[in-house]
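What follows is a single structure, written as structure tokens, with notes after it.
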Amino acid sequence: MSTGAWTLPSLGGVCALVGEGLRPLFDCEIVWRGDRIVEIEGNSNGRLQDVEHIVLPSFINAHTHIGDSLAKEAYIGLGLEEAVDPHKGLKTKIISTASKNDLVKAMRSVLEQCVSLGVTHLIDFREGGLEGLSLGREASQGLDIDLLLLGRLATPPSKGRILENQGFTDFELEELHKVCEKGNGLGISGANEYSDKMLTQIREIVRGQNKLLAVHCLESHETRGRLKGVLGRDEFQRCFNMLRPDVFVHMTDATPQEISYAFNIGVVVSCPRSNAALGNGFPPLTQILNGGGGLGTDNVMVNSPDMFREMEFAYKCLVGTTRKPFQRVEEVLKSATVNLRPRLGLKPIEVDAEADFMVLNVRELRPFWNLSSLVVNRAQRENIEQVVRKGRKLYEKPVCV
């Protein structure tokens, strides 16, 4: 097999990470027709020192807020509520005063950056109701990136209505139905932003349309018991019993039992860089990885949408906070690439899967002793030679002359 230049639709002489377990195949050839992989051949045994190119599934950034792209680094010196509270946070103030054109331009710039970083799928919490969804679609137009938009109400309900356990008004219910229909589901800012009746209504709307339901949960220790004295249950109990989401985002303050309960009905997505930057600690990543959780970069205001940086931070902080070695570094890589694919109707690199992958040139990173660790802890944007989505080349590294 040739290790020279490739001509689509095939790659040869690479090391490919295939299947749900990211099993390495050396001297591998991948062939696809249209958007589907039709053939994969390679050897299970090979020498790491001979590997020049690694083919791995493209990244799924499982939780983002691209809408605050205009507010990069504005969070410095602020805590969670001051930065991102949907009622009075700085993020809300900046977005509400920005022009539509500026919002779209900033979001599009981030999405273009995502493509060059190997990200082909994003699950984005989209603020702003129906108009917010429209701006998100406009920002992604023509980019061929799969942007899953989870919407919400344009204006959150007042805290007085929440404490009185009121339901949504007819106008709000109509808006939620339309937002869910026009988007890919609903992304809830947190159980504390809604009454028990509202959480039940949200669940019924999403289930009625067979869409995706995600929620921020236990992002900080402070959010856990905020309404327990009034409503009788803490934040996780209300999410689990009334909302029953497909995706629990953050779970920074979760116990092992709560992580287990969450995986019984859905999946957990962690955002360790965001948790650290906003002073909320570090998620129980060992349990989240053991359960097959996902990884996201969260607010663009706080982080770049770089999954390489997210993986490296996650792995090293996991080892540092537990004070124990963590040998299964491939679990971190799986959280960024394959764990959420089944929930999105996608497959890993295998025959009959969509041809979604990236090609890393690791020639200058040799010698190395661990393939997964190389990608998690050392690879970066500069190593990406190609990004392929549905058999089409989305990105190719510019050739320096």
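With the sequence shown counted from 1, adding 960 to any position gets you my numbering. Ideal Cβ positions, reconstructed from N, Cα and C, are used throughout, including at glycine. Bear in mind that the values here come from a model prediction, so they are computed numbers and not experimental data.
Closest by C-alpha distance to N1170, when choosing among K1350, F1328, C988 and L1304: Distance check between N1170 and each of K1350, F1328, C988 and L1304 places L1304 closest, using alpha-carbon atoms only.
Once DSSP output is grouped into helix, strand and coil, what is the label at V1262? It is coil, neither helix nor strand.
I'd like to know whether the C-beta atoms of V1175 and A1151 end up nearer to each other than 8 angstroms. When the beta-carbon positions are compared, V1175 and A1151 come within less than 8 angstroms of each other.
Nonlocal neighbours in the same chain, by C-beta distance under 7 angstroms from F1223, ignoring five residues either side: Excluding positions up to five away in sequence, the list reads G1251.
Buried or exposed: which applies to E1134, given that a residue is buried once 16 or more other Cβ atoms fall within 10 Å of its Cβ? Residue burial annotation: E1134 is exposed, with fewer than 16 other C-beta atoms found within 10 angstroms of its C-beta.
Inter-residue spacing [alpha-carbon to alpha-carbon] between L1334 and R1233: Going from the Cα of L1334 to the Cα of R1233 covers about 20 angstroms.
Taking the beta strand (DSSP E) that C1177 falls in, what are its first and last residues? It spans L1172 to C1177 - the beta strand (DSSP E) in which C1177 sits, taken as one unbroken run.
L959 versus K1307: straight-line alpha-carbon distance, rounded: Residue 959 is absent from the model: the chain starts at 961 and stops at 1361.
For the stretch 1140-1155 against the stretch 1085-1094, do three or more pairs of beta-carbon atoms, one drawn from each stretch, fall closer than 8 angstroms, so that the two count as touching? Yes: the two stretches touch, three or more of their Cβ pairs being nearer than 8 angstroms.
DSSP three-state label for T1282, please. Secondary structure of T1282 (DSSP, three-state): helix.
From the DSSP secondary-structure annotation, give me the bridge partner or partners of Q1346. Q1346 pairs with V1319 and E1356.
Nearest neighbour of R1007, chosen from V978, D1028 and V974 [CA to CA]: Of V978, D1028 and V974, the residue nearest in Cα terms is V974.
E1356 to D987, Cα distance in whole Å? Their Cα atoms are separated by approximately 22 angstroms.
Assuming P984 contacts L1325 (C-beta within less than 8 angstroms), just tell me the rounded distance between them. So it is not a contact: roughly 15 angstroms between Cβ atoms.
Quick one: any contact between the stretch 1008-1021 and the stretch 1293-1300, if contact means 3 or more CB pairs under 8 angstroms? Output reads yes: the stretch 1293-1300 touches the stretch 1008-1021.
Can you look up T967 in the DSSP assignment and give me helix, strand or coil? Here T967 scores only 49 on pLDDT, less than 50, and its place in the model should not be relied on; the value that follows carries that caveat. Reduced to three states, the DSSP call for T967 is coil.
The stretch 1240-1250 / the stretch 1025-1036 touching (three or more Cβ pairs under 8 angstroms): The answer is no - the stretch 1025-1036 does not touch the stretch 1240-1250, with fewer than three Cβ pairs under 8 angstroms.
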